[in-house]
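Asks:
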Amino acid sequence: MYYSFVFKYLYLLVCANAQLLEIPAVDAIVSSAMLPFEQYMSFGAPTKIASAAVSFETKVAANAKSSVAAAAVADAPYWLADIAHQGVAAFNPNPSGYKVFRNVKDYGAKGDGVTDDTAAINAAISAGGRFGPASRQSSTTTPAIVYFPSGTYLISTSIIDYYFTQLIGNPNAMPVIKATAGFVGLGMIDGDQYQSDGNQGWTSTNVFFRQIRNLKLDLTAIPAATAATGIHWPTGQASSIENVVIVMSSASGTQHQGIFIENGSGGWMTDVVITGGLYGANIGNQQFTMRNLVISNSVTAISQIWNWGWTYQGLSLSNCTTAISISNGGAGNQLVGSVNILDSTIQNCPTFVDTAWQSSTLSTGSLIMENINLKNVPVAVKGVSGTVLAGSTGSTTIGAWGQGHKYTPNGPTNFQGSFTAPTRPNALLAGGSNRYFTKSKPQYAQSPVSSFVSIRSAGAKGDGSTDDTTVIQSTLTSAASAGKIVFFDQGTYKVTNTIYIPPGSRIVGEAYSVIMAAGSVWSSITKPVPVVQIGRSGESGSLEWSDMIVSTSGSAPGAVLIEWNLAATSGSGMWDVHTRIGGFQGSQQQVAQCPTTAAVSAACQVAYMSMHITKVASGVYLENVWLWTADHDLESPTNTRISVYSGRGLLVEGKNIWLYGTGSEHHSLYQYQFSDASSIVAGFVQTETPYYQPNPNAANGPYPRNLALSDPDYSSCLGGNCNSLGLRILNTKNVIIYGAGLYSFFNNYSTTCSTFPLPENCQSMIFSTEGSTSGLVVYGLNTVGTSYMIVKDGTALATVGDNLATYAATIAYFTF
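Take 147 as the starting number for the sequence shown in the working numbering and just add one per residue.
1) Flag this pair as touching only if the stretch 649-662 and the stretch 691-703 have three or more C-beta atom pairs under 8 Å; answer yes or no.
2) Quick check on DSSP: helix, strand or coil for residue 878?
3) Can you name the start and end residues of the alpha helix (DSSP H) that residue 268 belongs to?
4) Compare the C-alpha of residue 555 against each of 928, 920, 933 and name the closest.
5) Can you give me the C-alpha to C-alpha distance between residue 588 and residue 317, rounded to a whole angstrom?
6) Under the assumption that residue 790 contacts residue 727 (Cβ atoms under 8 Å), give the Cβ distance between them as a whole number of angstroms.
7) Whole-angstrom Cβ separation of residue 883 and residue 829, contact assumed at under 8 Å?
8) Starting from the Cα of residue 793, find the closest Cα among 670, 717, 288 and give me that residue.
9) Taking the runs of the alpha helix (DSSP H) that are 4 residues or longer, which of them lie wholly in the stretch 887-957?
10) From which residue to which residue does the alpha helix (DSSP H) around residue 623 run?
11) Taking its Cβ as the centre, do 16 or more other Cβ atoms sit within 10 Å of residue 279, making it buried, or is it exposed?
12) Starting from residue 461, trace the alpha helix (DSSP H) in both directions and tell me its first and last residue.
13) I want to know whether the stretch 280-287 touches the stretch 317-333 - three or more CB-CB distances under 8 Å.
14) As a quick exercise: from 701, 659, 604, 650, pick the residue whose alpha carbon is nearest that of residue 642.
15) In this structure, how does DSSP classify residue 519 when only helix, strand and coil are distinguished?
16) So, for residue 499: in the same chain, excluding its five sequence neighbours on each side, which residues have a beta-carbon less than 6 Å away from its beta-carbon?
17) For residue 699, count neighbouring C-beta atoms within 10 Å of its own C-beta (all shown protein chains included) and say buried if the count is 16 or more, exposed if not.
18) Can the beta-carbon of residue 442 be found closer than 8 Å to that of residue 428?
19) Please name the residue or residues paired with residue 362 in a DSSP beta bridge.
20) Among residues of its own chain, excluding the 5 on either side of residue 274, which ones have a beta-carbon nearer than 7 Å to its beta-carbon?
21) Assess contact between the stretch 811-822 and the stretch 864-881, defined as three or more Cβ pairs (one per stretch) separated by less than 8 Å. Is contact present?
22) Buried or exposed: which applies to residue 336, given that a residue is buried once 16 or more other Cβ atoms fall within 10 Å of its Cβ?
23) First and last residue of the alpha helix (DSSP H) that includes residue 226?
24) Under the three-state reduction of DSSP, which class applies to residue 253: helix, strand or coil?
25) Quick one: residues in its chain with C-beta nearer than 6 Å to the C-beta of residue 494, no 5 flanking neighbours on either side, listed in chain order?
26) Drop a sphere of 10 angstroms on the beta-carbon of residue 534, count the other beta-carbons inside from all chains shown, and report buried for 16 or more, exposed for fewer.
27) Inspect the beta-carbon positions of residue 841 and residue 907 and report whether they are closer than 8 Å.
28) Which of helix, strand or coil does DSSP assign to residue 756?
29) Start and end of the beta strand (DSSP E) containing residue 553?
30) How long is the line joining the alpha carbons of residue 365 and residue 592, rounded to whole angstroms?
31) Are the stretch 387-405 and the stretch 422-436 in contact at 8 Å, needing three or more beta carbon pairs?
32) Whole angstroms is fine: what's the gap from residue 865's alpha carbon to residue 407's?
33) At which residues does the beta strand (DSSP E) containing residue 813 begin and terminate?
34) Could you please give me the residues that DSSP links to residue 791 through a beta bridge?
35) Pop quiz: residue 549 and residue 887 are said to be a contact at Cβ under 8 Å. What is the actual Cβ separation, rounded to whole angstroms?
36) Grouping DSSP H, G and I as helix and E and B as strand, with all else coil, what is residue 439?
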C-alpha cells in the first residue's frame, strides 16, 4: 500500500488553498517541492478540516433517538457474546494467557450513561501487549474483538483504536457511546491518533484488518460550535465500518462531523446512518467503496476532500444544503480525481453535486452518476459558473450523466452531459428492481448459540502447528447437513490437504481466523491444488462465509488459496474474507527468509493463485475481499519490505458475479483476469503491481504461463517494462466496472518511475481488453505508473499524458 503520491503538483495546490483551509505558514513549513500528504492534512486537522461534522439517521430511526438518550439497559442475547470464548492467538508470545475476546464491562466499563467509561474501554483495547498508534507498529499476533454489551458508555476523550482490532456492539440492542459536553479528542473513536511529532501513528495506507460495527455514537452533548468528530478513520485495505449510527447537533453553526478520513488506501463502509453536523462525512483517501449511507440534516452530507477514485452505491441523502461536494481546491486545482454514484436517492437538498470541473487538459473532477432519483432537488449539478444540470422541485431520475474524459473507444473527448447507460444484466439486479443486488454481511443476530458449532470444540487446535485438516473437514461436512453455522474460533488452522466446503455451508470467523496451507501437496508450480474448495463441479446451493483469512506457510507454489465451483443460489458469497500471502508470523516468508536483496528462490514462491472462480461457477458475491501478496513484513517495527512471489490474483471464468470493494495486489502475472466470463459488476477494484518487477518481469517468471488458464502472453507487450497486468478482460461479455485503481508505483523498489506528472513508466501497460469481449463499460479508471492506460488487442487506446489528473491519471468513461 504505497503512499507516495503528493509531489510538486499537489504541493502547489496545497499552497494555493492554504488560506482557504486555514493552514498556517505552509511555505515556512515546507522547504522542498514535495509535501507528504499526512503532513499537509495534519496541519489542518486541528483547524478547519478537523472541525467538520457528520450526522445521520438510522434506517430503523423509530428507535434510534430514544435509544441514544436511554440509560444502560439489560443486554439482549447475541450469539457472539454468549458463545464460549476459546480463541487463541497462535503466534502470540503467550497464547494461553492472551485474551482475544474482551467484554468492555470485564475491564470496568459500566455502560450506565453516568460513569466515565473512557479508561475502561481503552484498557480493554490495549491489554495484552497490543500495538497502538503510538507504537507505530503492526502485528498479526495480537488480534482482538472488543465487545460492547448494550448500554450507554460515557466518554470524555477518544477511544484509541489499535491494530488488528474489531470494535463490535450487540446488533440486537445497539450500545451507545456518548461524548461528554467537555469531550476532548479528534474523534470519539480515533483510528490513527496523531502523535506529538504532528504525524499519525501509523502510515495510514498500512493499517489493515480492523472493523467497527453495531455501535451508535452520540455527539449531541458537545456544544454545536465546538469542533467534534464521531469516527476518525484513515485506513487501508481489509478494514470496514458497518451498521453504525452517528448523531450530531443540527443547530445553526454546528461544527460537528460524523466521519473524518484525511488519507489512507481503503476501504469499505456500509449501512451507516448519520444525522446532523456540518459534514456527515468529510473524507479523502486513495480509493474507497461506500454503500447504504443514510445522511440527513447535515449542512453538507458528503464533503470529498480529495481522492483518486471513489464509488458510492445506494446513498440516501436528505435535508442537506449540499448533498455531495467534490469541488475542493476550486477551478483548475480540483483535488478530487473521480467519483461514481449509482442507485441512490437524494431528497430535499438544494444542490446534489457541487463540482469545480472545467474542460481542460487535466481530468480531475471526473463524475459519473447512474440511476439517481431526485426529490425536491432544484440543482442536480452545480459548477463554478452556476447550474450545470438542473434538477427538479418534484421528482426526477438521472439515468446516466457524467463529466470528464471519455473514450468510446477512441479519445479522449471532454464531455459533460447525459449518455446512454449500459444495459444491466438481469441476473445481477435485485428482484423486481433496476438496482443492483446487494447483501450486507450476515451477522446471524437472531441465531441462538445452539445454531453454532465451534471448530475448536470439535477438536481443532488452531495453534499454527497441529494438522487440523481432518477435524475441519468432518465438521464442515456434518454442519452443512445439520444446518449449523461453523464458528472458527480465533486461531491459525494448519491444513495439509484441500478443505472442501459443501453446499449449504455457513462459516464465520473470529477476529480473522486463519486457514493456513502447509506441506508437499502444494509443492508443484505447474500442478495447482486448491486450499479451500467451495463446492465441486456440478454442485449448486448456498454458501455464506465471513471474517476469515486464507494463507500459506513455507514454499507453496502450487496453492490456489480459494477455488469457487459452486453454482450458487441468491445471496451466497464471501464477506471480509481475505487472502494473505507471506509477511506474517508463521508464514516462514518474512524478512529473514525473503529479503528484497535475495534472488528468486523456491522458498519464497508462496501461491499459484489467490482465487479462482471457475467455468462452472455462478452467482458469486464478493464484498470487501482483499487478495494480498505481502509487500512488507507485518511483524517488522519498520514495515520492512520483502520479496515473495505468487502467480495470479483473481481469475473469473464464471457468470453472474458481484465484486464490491475488492482488491488484488502483488501477483506476478495479473491481479484480475476475466476470461470467457459473463455478467460481472464491479467497483471499486484496486490493484498494485509487485514492487520487485521488472526484476523479474511478468514474462520471465517465476510462474510459467498456463495455456489452460488463458494466462497472458507478455512476449508481444508494448514497449517498456512487461510487468503484471492490473486488469485483463478476455472474451468476456457484459462487464460494468464502477471505479478502478490500477497502480504501479515501483521499478525494482525505486519510485522514480511513478513521479507525478511524468514519466509514469514503471510499466508499459496495465489494463488490457482482448478477443471477443463485448458489453464492457468502465467508469472512473485511475492508473499510476503506466505509460498506456488502456490497450485493446495490442493497440494502445489511452496514454497517461492525455489524462493527467491528481497523482493518478483518470478517465471518466470507457466503452466500446
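The C-beta atom is built at its ideal place from N, Cα and C for all residues, glycine as well.
Replies: Well, looking at it:
1) Between the stretch 649-662 and the stretch 691-703 there are three or more C-beta pairs closer than 8 Å, enough to call the two in contact.
2) Position 732 of the sequence shown holds residue 878. Residue 878 carries a coil assignment under DSSP once its states are collapsed to helix, strand and coil.
3) In the sequence shown, residue 268 corresponds to position 122, counting from 1. Residue 268 -> alpha helix (DSSP H) spans 264-272.
4) Here residue 555 refers to the residue found at position 409 when the sequence shown is read from its first residue. The candidate whose alpha carbon is nearest that of residue 555 is 920.
5) Along the sequence shown, read from residue 1 onward, the residue named residue 588 stands at position 442. Along the sequence shown, read from residue 1 onward, the residue named residue 317 stands at position 171. Cα to Cα, residue 588 sits roughly 11 Å from residue 317.
6) Position 644 of the sequence shown, counted from the start, is the residue given in the question as residue 790. Position 581 of the sequence shown, counted from the start, is the residue given in the question as residue 727. Confirmed, about 7 Å.
7) Your numbering for residue 883 matches position 737 in the sequence shown. Your numbering for residue 829 matches position 683 in the sequence shown. At roughly 6 Å, the Cβ-Cβ gap stays under 8 Å, so residue 883 and residue 829 are in contact.
8) Working through the sequence shown from its first residue, we reach residue 793 at position 647. 670 is the residue among 670, 717, 288 whose C-alpha sits nearest the C-alpha of residue 793.
9) The stretch 887-957 contains no whole alpha helix (DSSP H) run of 4 or more residues.
10) One-based indexing of the sequence shown puts residue 623 at position 477. For residue 623, the enclosing alpha helix (DSSP H) covers residues 615-628.
11) Here residue 279 refers to the residue found at position 133 of the sequence shown. Here residue 279 is buried, its C-beta having at least 16 other C-beta atoms within 10 Å.
12) In the sequence shown, counting from the first residue as 1, residue 461 sits at position 315. Careful: residue 461 lies outside any alpha helix (DSSP H) and carries neither H nor E.
13) The stretch 280-287 makes no contact with the stretch 317-333; the number of CB pairs closer than 8 Å stays below 3.
14) As a first step, residue 642 is located in the sequence shown; it is residue number 496 there, counting from the start. For residue 642, the closest of 701, 659, 604, 650 by C-alpha to C-alpha distance is 701.
15) Here the question's residue 519 lines up with position 373 in the sequence shown. Of the three classes helix, strand and coil, the one that applies to residue 519 here is strand, per DSSP.
16) In the sequence shown, residue 499 corresponds to position 353, counting from 1. In its chain, beyond the 5 residues on either side, 470, 527 have a beta carbon closer than 6 Å to the beta carbon of residue 499.
17) Here residue 699 refers to the residue found at position 553 when the sequence shown is read from its first residue. With 16 or more other Cβ atoms inside 10 Å of its own Cβ, residue 699 counts as buried.
18) The residue given as residue 442 occupies position 296 in the sequence shown. The residue given as residue 428 occupies position 282 in the sequence shown. Contact: no.
19) Sequence index remark: in the sequence shown, residue 362 carries index 216 (1-based). Partner(s): 322, 391.
20) As a first step, residue 274 must be located in the sequence shown, where it is residue number 128. Cβ-Cβ distances below 7 Å link residue 274 to 244, 245, 288 in the same chain, with the five nearest sequence neighbours on each side left out; the list follows chain order.
21) Taking 8 Å as the limit for Cβ pairs, the verdict is that the stretch 864-881 does touch the stretch 811-822.
22) As a working mapping, residue 336 is identified with position 190 in the sequence shown. Answer is buried; the Cβ neighbour count reaches 16.
23) Within the sequence shown, residue 226 is the residue found at index 80, counting from 1. Unbroken alpha helix (DSSP H) run through residue 226: 225-228.
24) Looking up residue 253 in the sequence shown gives position 107. DSSP places residue 253 within a helical segment (H, G or I) once states are collapsed to three.
25) Stepping through the sequence shown from its first residue, residue 494 is reached at position 348. Closer than 6 Å at Cβ, skipping near neighbours: 464, 465, 522.
26) To locate residue 534, count along the sequence shown from 1; it is residue 388. Buried, by the Cβ-count rule.
27) Here the question's residue 841 lines up with position 695 in the sequence shown. Here the question's residue 907 lines up with position 761 in the sequence shown. No, these two residues do not count as a Cβ contact at 8 Å.
28) Reading the sequence shown from its first residue, position 610 is the one you call residue 756. Three-state DSSP puts residue 756 in a strand.
29) For this step, residue 553 is matched to residue 407 along the sequence shown. Residues 532-553.
30) By one-based count along the sequence shown, residue 365 stands at place 219. By one-based count along the sequence shown, residue 592 stands at place 446. Taking the CA atoms as reference points, residue 365 sits about 29 Å from residue 592.
31) Three or more Cβ pairs closer than 8 Å define a contact, and the stretch 387-405 meets that threshold against the stretch 422-436.
32) For the purposes of this step, residue 865 is taken as residue 719 along the sequence shown, with counting starting at 1. For the purposes of this step, residue 407 is taken as residue 261 along the sequence shown, with counting starting at 1. Roughly 39 Å between the two C-alpha positions.
33) Taking the first residue of the sequence shown as 1, we reach residue 813 at position 667. Segment: none, residue 813 is in no beta strand (DSSP E) and carries neither H nor E.
34) Numbered from its first residue, the sequence shown carries residue 791 at position 645. Among the bridge pairs identified by DSSP, residue 791 is matched with 751.
35) Along the sequence shown, one-based indexing puts residue 549 at 403. Along the sequence shown, one-based indexing puts residue 887 at 741. Incorrect: roughly 19 Å between the Cβ atoms, too far for contact.
36) Counting from one through the sequence shown, the residue named residue 439 turns up at place 293. Three-state DSSP puts residue 439 in a strand.
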